[in-house]
Amino acid sequence: ANRVIAWLGEEADDSDQALEEIRVAADDESTNPSKNEMIQEALLALLRRPWFRRIWVLQEVAAARHVLIMCGSTVVDGHAFRLGLSRLELSYEPPLELQNLVRSVTYLIRGAIFRPKHVASRPDRASLDIRPLGELVDMYHTHEATLHRDKVYALLGMSSDDPSAAGLSPDYTVSWEKLFHALVTFILGESLSVKTWGNREVAVITSKGCILGQVSSVESDSSRYDRQNVGITFKNTPEHLGFERKWSAHWALQASAKSVRQGDLICLLQGAQRPTIIRICKDHFAIIMAAVTPRPVARMQSGYVKCQKLLLSINSFPRNFLLVWNW
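Each residue of the sequence shown is one higher than the last, beginning at 1 in full-length UniProt numbering.
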C-alpha cells in the first residue's frame, strides 16, 4: 500500500494534546520532554489503545510506504510519531510490556520510507521480507488475536524465510496444538522434544545445548527507539580455537515482546541456527528470545566478529535444558 491510516479511535483522554506533544518533540530536537503528569498520562493512555496490541494491523503497517497516525480529527505523520516518541522519554511503569508493544510497532513505521513499490515475489509466495519468522515471533507474540493461530498466520507475510516448507502456511483446519509444535521446531530445530496444548500459548521443550555467556548490561539505543544494546560476557569458550576463557561483546537487538534483563543467559540449542536468550526459573529456563540475530554495535565490532566465529565452531551440546516458552 502506498499509504495507510492508523485509526486509533475517537478523541478521548486528551489524545489531541498527546499527539501534539509528540509532533512538537519530533519537530524540535531541543525541546525538553514534558514532566507534566497530565501530559504523561495522556501520552500513555494514547499508547494503551487497542490498535497497538492488535496482531493484524502489523501487516498493514509493514506493507505501507507512508503511515499516518489518526485519532479523532488529529493526524500526525508516522515518521514524526516515531521520532517524537523516541525523544519524549516516557516513564513506562514495570513490567515494560507497553513499551515493548509500542517499540515493535514503531519499528515497522520507521521502515515505511525505505520500502520498494513492489513486494518481493517468489514462485510460490509473495513476502514483505521484513525479518526471519523467529525474530518476528520474538517481537510480536504478545500482540492480541481472536484466534491463537492468527498470532502465527499474521506474521507469515512479513517473514524473510519460507515457513511453508515446515507446514506453516495458513490453514484453519490445523489445530493450534499442532501449529505451535510446528512453529517451535521450525525456529529451534528438530533435535528437541516439544509438548504443546490446544488451549494454551505455552510450549514445554527439552533439548540438548550449551551456555555461551550471560547478559551483563542492557541499554536503550539512543539513535533507535526500537532497538536495544545488549552487553554479553562469554565464559569458558574453547581456548584451543583461539578464544580467551572470558571475553565480552555487544549486540544490537530489536526490541522484543519480553524484556531482556541483566543476568539472562545466552545459549545455543542443538539443531538451532541462532542463539536463544533464556532466564533461570525455579525448575526450568524461560525463553525470553527464541531466535536472536546478533548485529554489531558500531563502536564495538571486534567482539561481534569473534562471536560469529564462536557460533560456527560449536559442535558439542553437553547440557540438558528444560525450557518453557510462555506467550
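Glycine is no exception: its CB is placed at the ideal position from the N, C-alpha and C atoms.
Those residues which DSSP pairs with residue i across a bridge
{"i": "P275", "result": "According to DSSP, P275 bridges with nothing at all."}
{"i": "Q254", "result": "R227"}
{"i": "R319", "result": "G209"}
{"i": "R54", "result": "E144"}
{"i": "W327", "result": "Partner(s): none; W327 has no beta bridge."}
{"i": "Q214", "result": "T233 and L265"}
{"i": "I280", "result": "F285"}
{"i": "D221", "result": "R224"}
First through last residue of the alpha helix (DSSP H) which encompasses residue i
{"i": "H181", "result": "W176 to L188"}
{"i": "D161", "result": "Unbroken run through D161: none, as it is neither H nor E."}
{"i": "I22", "result": "S15 to D27"}
{"i": "residue 398", "result": "Any property of residue 398 remains undetermined from this structure, which presents the chain solely from 1 to 327."}
{"i": "A63", "result": "V57 to A63"}
Test item: CB-CB of residue i and residue j under 8 Å
{"i": "A26", "j": "A80", "result": "yes"}
{"i": "E201", "j": "H148", "result": "yes"}
{"i": "L269", "j": "F234", "result": "no"}
{"i": "L101", "j": "R53", "result": "yes"}
{"i": "V61", "j": "I22", "result": "no"}
{"i": "Y225", "j": "T106", "result": "yes"}
{"i": "M70", "j": "L8", "result": "yes"}
{"i": "L43", "j": "L88", "result": "yes"}
{"i": "P163", "j": "L133", "result": "yes"}
Element boundaries [beta strand (DSSP E), containing residue i]
{"i": "T293", "result": "Per DSSP, T293 belongs to no beta strand (DSSP E) and is neither H nor E."}
{"i": "V76", "result": "T74 to D77"}
{"i": "K195", "result": "L192 to T196"}
{"i": "C71", "result": "V67 to C71"}
{"i": "V4", "result": "V4 to W7"}
{"i": "L265", "result": "L265 to L269"}
Rounded distance between the beta-carbons of residue j and residue i, thought under 8 Å
{"i": "V152", "j": "L183", "result": "6 Å"}
{"i": "A249", "j": "N229", "result": "Not a contact, Cβ separation roughly 11 Å."}
{"i": "A272", "j": "L188", "result": "5 Å"}
{"i": "Q40", "j": "L90", "result": "7 Å"}
{"i": "L194", "j": "T185", "result": "Note that residue 194 corresponds to Val in the displayed sequence, not to Leu. Rounded, the Cβ-Cβ distance is 6 Å, consistent with contact."}
{"i": "Q254", "j": "S216", "result": "At roughly 19 Å, the Cβ-Cβ gap does not stay under 8 Å, so Q254 and S216 are not in contact."}
{"i": "G209", "j": "R319", "result": "6 Å"}
{"i": "G72", "j": "E11", "result": "3 Å"}
{"i": "A286", "j": "R279", "result": "5 Å"}
{"i": "I211", "j": "W325", "result": "Not confirmed; about 18 Å, so no contact."}
{"i": "Y140", "j": "I277", "result": "Rounded, the Cβ-Cβ distance is 16 Å, inconsistent with contact."}
{"i": "P275", "j": "I266", "result": "5 Å"}
{"i": "V260", "j": "V297", "result": "With a Cβ gap of about 14 Å, V260 and V297 do not count as contacting."}
{"i": "G84", "j": "L68", "result": "At roughly 14 Å, the Cβ-Cβ gap does not stay under 8 Å, so G84 and L68 are not in contact."}
{"i": "E97", "j": "T146", "result": "About 20 Å separates the two Cβ atoms, so there is no contact after all."}
{"i": "L323", "j": "S207", "result": "7 Å"}
Cβ-heavy atom distance, residue i to the ligand ZN, below 7 Å
{"i": "Q262", "result": "Among the components of this structure there are no ligands whatsoever, and the ligand ZN is therefore not found."}
Inset, instruction - Only counting runs of 4 or more residues, tell me where the alpha helix (DSSP H) segments fall wholly within the region 86-113, in order along the chain. - result: 97-110
Inset, instruction - With a floor of 4 residues, list each alpha helix (DSSP H) that falls wholly inside the region 132-156, ordered by position along the chain. - result: 133-140 and 150-156
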